[in-house]
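The next block holds one structure in the form of structure tokens; read it before the comments.
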Amino acid sequence: MSGTLRPVLLLCALPAAFFVAFFLAPMAVVLIASLTTPAGQPTFAHYLRILADAYHWDVLWVTFRIGARTTLVCVLIGYPLAWYLVRIVKWRPWRRFCVILLVVPLFTSNIVRSFGWMVLLGRNGLVNDGLIGLGLIERPMRFLGTELGILIGLVYILLPFIVLAVGNALAKVDPALEDASADLGATPAGTFRTIIFPLSLPGLMAGAVMVFMLAVSAYVTPALLSGGRITVFSMLIFQQYSSVFDFNYGGALSITMLVLTLALVAIAGRLSEPRRA
Amino acid sequence: MSAPILAIDGLSKHFGGQPALTAIELAVEQGEFIALLGPSGCGKTTLLRCIAGFLSPEAGTIRLAGEDVTRLPPYRRPLNTVFQNYALFPHMSVADNVAYGPCRQGTPKGQAAKRAAEALELVGLAGFGERLPAQLSGGQQQRVALARAIVNRPQLLLLDEPLSALDLKLRKKVQGELKQIQHRLGIAFLFVTHDQEEAMTMADRIVLMNRGRIEQIGRGQDIYARPATRFAADFIGDANLLAAERRGDGSVSLLDGAIILPASDEQQGAFTGVLRPEDILVGTEPAAGRLALPAVVSEIVHVGSHASVALTVGATTLTARLAPSALAGLTTSQPVFANIRLADLSLVPGDA
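In the order they appear, the protein sequences are chains A and B.
Going by my numbering, the first residue of the first sequence is number 10, and it counts up by one from there.
Going by my numbering, the first residue of the second sequence is number 235, and it counts up by one from there.
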């Protein structure tokens with residue numbers, strides 16, 4: 010081995026070791042556990058049990074439904090918000106302030122923020138008081154223990170991810186492209202449809218995938234806002250690990266969740282693949 | 235002659251109180267090749283963006299083929315632009331880029347594709363339609379930008395320093411091609427450049443700009459021969475700028491009285507004498523029919539095709555341009571004569 014190659018290899022080895030230790034090894038442990046009995050014999054029994062159990066399918070359906078809706082609402086709110094920050098705000102201090110406002114909640118604990126929403130969404134919480142005060146509803150609505158409540162909490166927590174991803178993509182679109190489009194006769198709406206939106210799509214997809222993954226794997230927010238009435242998949246996994254102590258079955262649940270999520274993300278990615286001539 | 239394709243009247247534009255364009259007057263005839271020439275920051279690109287509709291002027295009107303378009307958005311103006319860095323749509327194929335204009339104007343897809351193919355053929359890129367812009371060289375991208383801008387057959391094409399990103403050799407080649415295409419299509423070109431040589435070789439007329447104003451409009455050789463302002467004299471070609479003084483009897487003295495021009499009423503206020511370096515004959519003897527100014531050679535710089543000779547005349551330094559053959563025997567510190575013709579000397583307003 011030459012003298013110059015050794016330090017390079019050492020430098021590469023460090024991140025590789027980190028990756029193996031913190032990403033590959035835990036995944037391998039979970040995967041192996043899911044394919045073995047507590048005694049260590051290889052088995053598919055855990056997966057068969059999941060597949061055969063209608064309750065699991067129900068929970069999966071609820072989990073992915075909440076994830077999909079969270080993603081949709083985040084996209085619908087996040088894209089215009091990112092547009093506002095990148096395209097409309099011209100005064101830099103205000104833009105900076107808005108971005109800080111968006112990011113600062115990420116520094117606080119999920120638990121604190123979810124508890125906050127518990128208070129706000131309660132029977133006598135600010136949201137119900139406000140809606141009654143405005144005359145929109147007569148009796149308090151039930152948010153806690155409904156999918157709507159979980160949705161509100163998840164959207165609040167995950168919105169920054171999509172705004173940052175889309176904002177980054179929008180900021181990278183060369184303004185000269187908009188000029189060129191207008192010059193060639195496209196109205197502002199036409200320019201958005203044919204130029205800006207397609208160019209921001211990779212950012213939007215990245216943000217949406219991130220939000221979806223975080224939403225379907227979220228535990229704290231659904232757990233606190235469900236009031237015990239709704240179960241999402243991460244709660245099932247948590248039960249297996251914390252109460253039942255069945256690491257093998259819990260592992261199988263984790264892997265099932267992972268595979269389904271990745272499959273959905275892959276399908277979504279394939280569908281949104283930009284048309285290539 | 236028919237109405238000008240572009241007529242600009244009293245156009246002014248400010249950026250935060252700073253004037254960027256002041257009282258611009260310009261008329262472009264059909265099929266003309268006009269160069270907007272000036273140093274960076276002179277307002278040439280601002281003027282182009284006003285014409286294209288990306289900036290709205292505070293005062294003045296812009297007419298295209300007789301129609302007032304001053305308040306129209308860019309997408310309603312019947313002209314097209316070749317952008318400085320081409321601004322090709324990176325997510326579309328070359329063919330889709332070129333077909334973008336016809337498609338936006340409601341041309342059916344098949345017909346738009348056909349016209350795009352024709353435009354690509356015109357710029358010598360037939361068969362490149364399937365590629366993405368990123369897969370093309372800079373020169374090819376530049377042609378795609380041109381094809382995209384001419385596919386709608388506008389009567390006026392704006393070009394914003396379209397060749398500045400190309401290397402020198404390619405630039406020369408594309409200059410010729412651009413001129414050919416312009417000739418074939420009969421479209422008026424308004425071409426922004428800071429390169430005076432490019433403007434001289436390509437344009438029918440040059441619009442020389444400085445500090446948001448038009449200094450002079452005219453054919454390149456006319457501006458060179460008869461600059462209207464000190465700036466025009468200095469920017470187009472090389473010039474010796476000589477401080478001029480009006481004397482009591484109305485005559486004009488240059489080079490501390492070495493040159494006296496007869497009285498004229500045309501020039502008022504301060505002005506400057508302009509003498510082109512190639513109009514100075516350097517020799518050890520006074521030349522017949524010329525005014526011989528005693529001078530000392532202070533420096534000789536060889537530039538290949540010619541030599542640049544610095545001459546000290548009194549307190550002033552003149553630069554003369556000599557053919558290498560005329561240099562024989564010339565050395566620094568040598569006393570010589572700078573032989574000039576008064577007819578070659580022009581006076582322009584402004585201080586030297």
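Glycine is no exception: its CB is placed at the ideal position from the N, C-alpha and C atoms.
Predicted, not measured: the structure shown is a model, and the values here were computed from it.
Please name the residue in B:F571, B:L525 and B:L561 whose C-alpha comes closest to that of B:A577. Residue 577 of chain B sits at position 343 when you count from the first residue of the second sequence. It is B:L525.
Looking only at its chain, what residues have a beta carbon closer than 6 angstroms to the beta carbon of B:F425, apart from the 5 residues adjacent to it on each side? On the second sequence, position 191 is the one that residue 425 of chain B refers to. Contacts found: A269 and L393.
Does the CB of A:L193 have a neighbour CB from chain B at under 8 angstroms? Along the first sequence, one-based indexing puts residue 193 of chain A at 184. Interface residue, yes.
In this structure, does DSSP put A:N133 in helix, strand or coil? Residue numbering aside, residue 133 of chain A sits at position 124 when the first sequence is read from its first letter. Residue state, collapsed to three classes: coil.
Given that a residue counts as buried once 16 or more other Cβ atoms are within 10 Å of its Cβ, and exposed if not, what is A:M214? Looking up residue 214 of chain A in the first sequence gives position 205. A buried status is given to A:M214, since no fewer than 16 other beta-carbon atoms sit within 10 Å of its beta-carbon.
Along the chain, where does the beta strand (DSSP E) containing B:I494 start, and where does it finish? Here residue 494 of chain B corresponds to residue number 260 of the second sequence, with the count starting at 1. For B:I494, the enclosing beta strand (DSSP E) stretches over residues I493 to L495.
Roughly how many angstroms separate the alpha carbons of B:L561 and B:L476, rounded to a whole number? In the second sequence, residue 561 of chain B corresponds to position 327, counting from 1. In the second sequence, residue 476 of chain B corresponds to position 242, counting from 1. Their backbone Cα atoms lie some 24 angstroms apart in a straight line.
Interface residues of chain A facing B:R338 [CB-CB closer than 7 angstroms]: Here residue 338 of chain B refers to the residue found at position 104 when the second sequence is read from its first residue. Within 7 angstroms Cβ-Cβ: L193, G194, A195 and G199.
Counting along the chain, where does the beta strand (DSSP E) carrying B:I534 start and finish? As a position in the second sequence, residue 534 of chain B is number 300, starting the count at 1. L525 to H536 is the extent of the beta strand (DSSP E) around B:I534.
Interface residues of chain B around A:P16 at Cβ under 7 angstroms? The residue labelled residue 16 of chain A in the question sits at position 7 within the first sequence. The contacting residues do not exist; A:P16 stays about 35 angstroms from chain B at best.
Contact with chain A by B:A261, beta-carbon distance below 8 angstroms: If you number the second sequence from 1, residue 261 of chain B lands on position 27. Taking Cβ atoms only, chain A never reaches closer than 8 angstroms to B:A261, which makes this a no.
Under 7 angstroms by beta carbon: chain B residues contacting A:D255: Taking the first residue of the first sequence as position 1, residue 255 of chain A is located at position 246. For A:D255, no chain B residue has a Cβ inside 7 angstroms of its Cβ, as the nearest lies near 49 angstroms away.
Where A:A275 falls: helix, strand or coil (DSSP): Residue numbering aside, residue 275 of chain A sits at position 266 when the first sequence is read from its first letter. Note: A:A275 maps to helix in three-state DSSP.
I believe A:S235 touches A:I159 by the beta-carbon criterion, under 8 angstroms. Please report the beta-carbon distance rounded to the nearest angstrom. If you number the first sequence from 1, residue 235 of chain A lands on position 226. If you number the first sequence from 1, residue 159 of chain A lands on position 150. Their Cβ separation, rounded to whole angstroms, is 6 angstroms, which keeps A:S235 and A:I159 in contact under 8 angstroms.
Option nearest A:L69 by Cα separation, candidates A:A277, A:V108, A:R279 and A:L262: For the purposes of this step, residue 69 of chain A is identified with residue 60 of the first sequence, where counting begins at 1. Considering only alpha carbons, the answer is A:L262.
What's the C-alpha gap between A:T155 and A:R104? Taking the first residue of the first sequence as position 1, residue 155 of chain A is located at position 146. Taking the first residue of the first sequence as position 1, residue 104 of chain A is located at position 95. A:T155 and A:R104: Cα-Cα distance of roughly 35 angstroms.
Establish whether the CB of A:D138 and some CB of chain B are separated by less than 8 angstroms. Taking the first sequence and counting its residues from 1, one reaches residue 138 of chain A at position 129. So, not an interface residue.
Using DSSP with H/G/I as helix, E/B as strand and the rest coil, what is A:W70? To locate residue 70 of chain A, count along the first sequence from 1; it is residue 61. Correct three-state label for A:W70: helix.
Would you decide whether B:Q339 is buried or exposed? Buried here means 16 or more other CB atoms lie within 10 Å of its CB. Here residue 339 of chain B is taken as the residue at index 105 of the second sequence, counted from 1. Per the 10 Å Cβ criterion, exposed.
Whether B:F323 touches A:D188 by CB criterion (8 angstroms): Indexing the second sequence from 1 puts residue 323 of chain B at position 89. Indexing the first sequence from 1 puts residue 188 of chain A at position 179. Contact flag unset, no.
Taking the alpha helix (DSSP H) that A:R7 belongs to, which residues open and close that run? Nothing about residue 7 of chain A can be reported from this structure: the residues present for chain A run from 10 to 286 only.
By the criterion of Cβ-Cβ separation under 9 angstroms, what are the contact partners of A:D183 in chain B? Numbered from 1 along the first sequence, position 174 holds the residue referred to as residue 183 of chain A. Going along chain B in sequence order, the residues near A:D183 (Cβ under 9 angstroms) are N319, A321 and P324.
Taking A:P207 as the query, report the chain B residues whose CB atoms sit under 7 angstroms from its CB, ordered along the chain. To locate residue 207 of chain A, count along the first sequence from 1; it is residue 198. The contacting residues are H325.
B:K278 lies in the alpha helix (DSSP H); which residues open and close that run? In the second sequence, the residue the question calls residue 278 of chain B occupies position 44. Looking at the DSSP string, the run of the alpha helix (DSSP H) that includes B:K278 is K278 to A286.
Would you kindly work out how many angstroms separate the C-alpha atoms of B:G584 and B:T463, rounded to a whole number? Numbered from 1 along the second sequence, position 350 holds the residue referred to as residue 584 of chain B. Numbered from 1 along the second sequence, position 229 holds the residue referred to as residue 463 of chain B. One C-alpha to the other measures close to 7 angstroms.
Three-state secondary structure (DSSP) of A:S123: Residue numbering aside, residue 123 of chain A sits at position 114 when the first sequence is read from its first letter. The answer is helix: DSSP assigns A:S123 an H, G or I state.
Pick helix, strand or coil for B:A541, following the three-state DSSP scheme. Translated into positions along the second sequence, residue 541 of chain B becomes position 307. Strand, per DSSP.
Are the CB atoms of B:V535 and B:S542 within a distance shorter than 8 angstroms? Numbered from 1 along the second sequence, position 308 holds the residue referred to as residue 542 of chain B. Numbered from 1 along the second sequence, position 301 holds the residue referred to as residue 535 of chain B. In this structure, B:V535 lies closer than 8 angstroms to B:S542 by Cβ.
Is it buried or exposed for B:G277, if we count other Cβ within 10 angstroms and need 16 for buried? Here residue 277 of chain B is taken as the residue at index 43 of the second sequence, counted from 1. Counting Cβ neighbours within 10 Å, B:G277 comes out buried, since at least 16 surround it.
Using a Cβ-Cβ cut-off of 6 angstroms (strictly less than) and excluding sequence neighbours within five positions of B:R349, which residues of its own chain qualify? As a working note, residue 349 of chain B is residue 115 in the second sequence. P336 and V385.
Against chain B, with Cβ distances strictly below 8 angstroms, would A:A286 count as a contact? As a working mapping, residue 286 of chain A is identified with position 277 in the first sequence. Legend: pLDDT at A:A286 = 35, less than 50; position of this residue unreliable, no value from coordinates given.
Is B:G335 close to chain A? Criterion is C-beta to C-beta, closer than 8 angstroms. On the second sequence, residue 335 of chain B is found 101 positions in, with the first residue counted as 1. B:G335 counts as touching chain A.
Could you give the distance in angstroms between the alpha-carbon of B:A381 and the alpha-carbon of B:G358? Position 147 of the second sequence holds residue 381 of chain B. Position 124 of the second sequence holds residue 358 of chain B. Between B:A381 and B:G358, the C-alpha separation is close to 10 angstroms.
How long is the line joining the alpha carbons of A:A26 and A:L20, rounded to whole angstroms? Position 17 of the first sequence holds residue 26 of chain A. Position 11 of the first sequence holds residue 20 of chain A. So the alpha carbons of these two residues sit roughly 10 angstroms apart.
Can you list the residues of chain A that B:A286 reaches, using a CB-CB cut of under 7 angstroms? What you label residue 286 of chain B is simply residue 52 of the second sequence in a count that begins at 1. Simply D192.
Say whether the stretch 116 to 136 of chain A touches the stretch 157 to 171 of chain A, bearing in mind that this needs 3 or more beta-carbon pairs closer than 8 angstroms, one atom from each stretch. yes
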